[in-house]
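Reading through the C-alpha cells given below for one structure.
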Amino acid sequence: MKKILLTIDGSDASLEAARFMVQLNFRQPVEIVVATVIHEPPSQKSFLVDGWSKAWLLRKREQANRSFEEVQAIFGDLDVQFQQVVREGHPGETIVSLAKELQPDLVVVGAKGHSAVERILLGSTSDYVATHVPGSVLVVRQSDDAGRPERLRIAIGCDPSQQTETALDEFMRLGWAGEADVRVLSVTDRSVVDDFSEDEVSRRCLENAFEKLNAVAPSSRGMVIHCDHVGDGLVDYVDSNQVDLVIVGETPRGGFERMLLGSTTRFVLRHASSSVLIARRRRSEDAQDESVSEQTASV
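Numbers 1 to 299, taken from full-length UniProt numbering, label the letters of the sequence shown in order.
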C-alpha cells in the first residue's frame, strides 16, 4: 500500500491539493497521512506564555480537525486509509521532518500562488518542502477548470539522463496512468549541437520512454520541441496545451546543492501554470539497488 503525506492548512490551496489527488485515479488502496502544522506567528509568541495560549492552540486544533473531515469528504468512498497528524512548529521544517520520519512514497503540498508573478515567487512553505524533502514532491497549483478536457493531461520531461528514468519510474510506480492523456516531451537545445544529431538523440529518448510506458500507458504520445532553453520549452508546452501535471526528475542532493535545486526543475516549478511533480529516488532506494546489483554480481 502506497503512503502519501498530504499537507493541509485549511486554505483553498491545500484543499485543492486533495481534490487534485482524487483525479489521479489510484488503482490500489492508498494510505494518506493528513498533516497540519500549527505555526505561531512571531507577533503572537508573547501572548502564548500566558493563559491565552491553551485557548489559541485549542482553536487551531479544532480547525485542523475540520480540515481533516473536509479531506475525508473529498475522497468520498475511494479505498483510502486516513491518518491525522497535528504538529506545532515552522511549517516547512516540520513537514520535511515528518517526511523523513514517515518516509512516504509522495509528499503533496498546495501552492497558493497561481498568477505569473506568484508562480515565480511560489509560497515559502511549498518552495521549502519542494527543495528539502528527500523524496518525491507534488506541488499542486490551483487551475481554472473552464474549458479543460475531461481526461487528465500529464506531461513528462524526457532527456538522456538518470533523472528521466526516475521520472518515468515514479510515474509507473504511483500507478497514475488510468485514462490520462500522457505526453512525453523531449526539448532540443540547438545552440549546442546540430539539428540532426539533436533530433536523433531526442527520438531515441522518446522510443526508450514509450518502451517503458507501454505496460501502463500504451497510448502515450511524444513530441520533440525545438528551443534554446529546456525549461522554456517545457513551460511553453504546458501553458499552451492545458497540461494538468508536468513530471520532472531530480537527482537527490544535499546541502548547498539542494538549496539550488536543478536549474530545469526549479524553472519548471516556478514558471509552469500546471501542478508539478518532482520525482526523486530516496537514497535508501539507491542503496537497495546497489545491494541487489552487488548480490547479483557475486552469484
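Think of the CB as a built atom: it goes at the ideal place given N, C-alpha and C, for glycine as much as any other residue.
**OP:** Can you tell me which of Ala-111, Arg-19, Val-182 and Ile-8 puts its alpha carbon nearest to the alpha carbon of Arg-66?
**Re:** Ile-8
**OP:** Measuring alpha carbon to alpha carbon, tell me which of Glu-170, Val-243 and Met-172 ends up nearest Leu-185.
**Re:** Out of Glu-170, Val-243 and Met-172, the CA that lies nearest to the CA of Leu-185 is found in Val-243.
Original post:
Can Arg-183 and Ala-155 be called in contact, C-beta distance under 7 Å?
Top reply: Yes. Within cutoff.
Original post:
Based on Cα-Cα distance, which residue from Val-268, Gln-23, His-132 and Ala-17 lies nearest to Arg-150?
Top reply: Here residue 150 turns out to be Glu, not Arg, going by the sequence shown. With distances taken between Cα atoms, Glu-150 lies closest to Gln-23.
**OP:** Could you give the DSSP three-state label for Lys-100: helix, strand or coil?
**Re:** In the structure shown, the three-state DSSP call for Lys-100 is helix.
Subject >> Sequence-distant residues of the same chain with beta carbon closer than 7 Å to residue 300, five excluded per side >> reply: This structure does not reach residue 300, given that the chain is present from 1 up to 299, and the question cannot be answered.
**OP:** Would you mind working out which of Arg-19, Ala-111 and Ser-143 sits nearest Phe-75, comparing C-alpha positions?
**Re:** Arg-19
Subject >> Residue of Ala-111, Lys-100 and Thr-264 minimising C-alpha distance to Asp-228 >> reply: Thr-264
Original post:
Should Ala-13 be flagged as near chain D, meaning a C-beta pair shorter than 7 Å?
Top reply: Reference to chain D is not applicable here, since this structure consists of a single protein chain.
**OP:** For my contact list, Leu-5 and Ala-35 are in at a C-beta cut-off of 8 Å; report their separation, rounded to the angstrom.
**Re:** Leu-5 to Ala-35, Cβ: 6 Å. Contact.
**OP:** Might you give, ordered along the chain, the residues of its own chain that have their beta carbon closer than 8 Å to the beta carbon of Ala-215, omitting 5 neighbours on each side?
**Re:** Only Met-172 meet the Cβ criterion.
Original post:
Going straight from the alpha carbon of Asp-79 to that of Gln-28, what length do you get?
Top reply: 8 Å
Subject >> Option nearest Tyr-128 by Cα separation, candidates Glu-93, His-39 and Val-85 >> reply: Glu-93
Subject >> Buried or exposed (CB count within 10 angstroms, at least 16 for buried), Met-21 >> reply: buried
Original post:
Where Ser-126 and Ala-13 are concerned, what is the direct C-alpha to C-alpha distance, given to the nearest angstrom?
Top reply: 11 Å
Original post:
Which of the three DSSP states, helix, strand or coil, is assigned to Gly-135?
Top reply: coil
Original post:
Which partner residues does Leu-245 have in the DSSP bridge list?
Top reply: According to DSSP, Leu-245 bridges with Ile-154 and Ser-275.
Original post:
On the three-state DSSP scale, how would you describe Glu-31?
Top reply: strand
Original post:
When we look at the beta-carbon of Glu-179 and count the other beta-carbons within 10 Å, is it buried (16 or more) or exposed?
Top reply: exposed
**OP:** Provide the residue span of the alpha helix (DSSP H) that contains Ala-18, from first to last.
**Re:** Secondary structure note for Ala-18: its alpha helix (DSSP H) is the uninterrupted segment 12 to 23.
Subject >> Close-in-space but distant-in-sequence residues of the same chain around Lys-3 (CB under 6 Å, 5 per side omitted) >> reply: Glu-31, Pro-104 and Asp-105
Subject >> Supposed contact pair Val-85 and Val-276 - C-beta distance, whole angstroms, cut 8 Å >> reply: Contact flag wrong, Cβ pair sits at about 24 Å.
Subject >> Residue span of the alpha helix (DSSP H) that contains Val-235, given as start and end >> reply: 230 to 240
**OP:** Look up Gly-76 in the DSSP assignment and say whether it is helix, strand or coil.
**Re:** Reduced to three states, the DSSP call for Gly-76 is coil.
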